[in-house]
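Engineer:
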Amino acid sequence: NAGVMQNPRHLVRRRGQEARLRCSPMKGHSHVYWYRQLPEEGLKFMVYLQKENIIDESGMPKERFSAEFPKEGPSILRIQQVVRGDSAAYFCASSLTSLGPYEQYFGPGTRLTVT
Amino acid sequence: AQKVTQAQTEISVVEKEDVTLDCVYETRDTTYYLFWYKQPPSGELVFLIRRNSFDEQNEISGRYSWNFQKSTSSFNFTITASQVVDSAVYFCALSEAQGTDKLIFGTGTRLQVFP
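Chains as they are written, first to last, in my numbering: chain A, 11 to 125; chain B, 2 to 116.
1. Under the three-state reduction of DSSP, which class applies to arginine 52 of chain B: helix, strand or coil?
2. State buried or exposed for arginine 23 of chain A, treating a residue as buried only when at least 16 other CB atoms are found within 10 Å of its CB.
3. Select from A/Glu73, A/Phe116 and A/Glu82 the residue whose C-alpha is nearest the C-alpha of asparagine 63 of chain A.
4. When the Cα atoms are used, what is the spatial distance from leucine 53 of chain A to cysteine 102 of chain A?
5. May I ask you to report which of helix, strand or coil DSSP gives lysine 71 of chain B?
6. Thinking glutamate 18 of chain B and serine 83 of chain B are a contact (beta carbons under 8 Å), I'd like their distance in whole angstroms, please.
7. Alpha carbon to alpha carbon, how far is threonine 32 of chain B from tyrosine 45 of chain A? Give it in angstroms, no decimals.
8. Assign histidine 20 of chain A to one of two classes, buried (16 or more other C-beta atoms within 10 Å of its C-beta) or exposed (fewer than that).
9. Got a sec: which bits of the stretch 31-58 of chain B sit with their beta carbon under 7 Å from any beta carbon on chain A, in order along the chain?
10. So does glutamate 45 of chain B have its beta carbon nearer than 7 Å to some heavy atom of the ligand PLP?
11. Evaluate threonine 21 of chain B with the Cβ neighbour count: other Cβ atoms within 10 Å of its Cβ, from every protein chain shown; 16 or more gives buried, anything less gives exposed.
12. How far does the beta strand (DSSP E) with threonine 123 of chain A in it extend, from its first residue to its last?
13. Could you compute how far the alpha carbon of proline 42 of chain B sits from the alpha carbon of serine 54 of chain B?
14. Within the 8 Å Cβ cut-off, does leucine 53 of chain A reach chain B?
15. Figure out for me which residue from A/Met56, A/Val14 and A/Pro84 has the closest Cα to the Cα of phenylalanine 75 of chain A.
16. Which first and last residues belong to the beta strand (DSSP E) in which glutamate 60 of chain B is found?
17. Could you please give me the residues that DSSP links to valine 90 of chain B through a beta bridge?
18. Are the C-beta atoms of leucine 112 of chain B and some chain A residue less than 8 Å apart?
19. What does the alpha-carbon distance come out to for the pair threonine 73 of chain B and glutamate 57 of chain B?
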């Protein structure tokens, strides 16, 4: 019974490059959430997706950031033209589809370092 | 607006001491959910508990207990007879029933348990 999987666990990018973070939810879960944790801070909500739909992106920066959750395959958080301020841990969480909120189970996170 | 406050930034105790982590929340909703997560040094987030706003019964799970008081908008977490393995950052979070189930996190309390 695999948990939420995220890859890569660590990602180093130079300023201006693109970062792609992947998240595979737990089996049977069709709700995916992305959160960002800046150093020494709490987690901040970024985006909530269901299969092929973005439900709430109120926490996403307006530029350079995008997310998708296709019918097949993992959810992807994409950051274009990364800057040093994007360095953070990015966590994905998944929950059951139903009346909720159900517990969100978190992946191990991807630690992005922008040099 | 929703808000979660964890006023204790860092707590240090010696093994076997009891310790209480405070959490105060703000919300306009009458129905909401409260959560506690643990983030050990390895970095992943571990779900500990979910409570809904209609259930004010205190809960005990082994050495862990939670005290939910609607009158003071608090959801405090007590670890009895702390152990070194309890050393971690603990996050309290809030989710409103009307909405997208996104979690609003506090800034966390770092607990260090010394042998």
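Just so you know, even glycine gets a beta-carbon here, dropped at the ideal spot from N, CA and C. Because the structure is a prediction, the values reported are computed rather than measured.
Structural biologist: For this structure:
1. strand
2. buried
3. A/Glu82
4. Just so you know, the alpha carbons of leucine 53 of chain A and cysteine 102 of chain A end up roughly 11 Å apart.
5. Three-state result, lysine 71 of chain B: helix.
6. 6 Å
7. 23 Å
8. exposed
9. Those residues of the stretch 31-58 of chain B that come within reach of chain A (Cβ to Cβ, closer than 7 Å) are Tyr34, Gly44, Glu45, Leu46, Phe48 and Arg51.
10. No copy of the ligand PLP appears in this structure; indeed no ligand is present at all.
11. exposed
12. Where threonine 123 of chain A is concerned, the enclosing beta strand (DSSP E) stretches over 120-124.
13. Distance between the alpha carbons of proline 42 of chain B and serine 54 of chain B: 31 Å.
14. yes
15. The option with the nearest alpha carbon to phenylalanine 75 of chain A is A/Met56.
16. 60-62
17. B/Gln40 and B/Arg111
18. no
19. 12 Å
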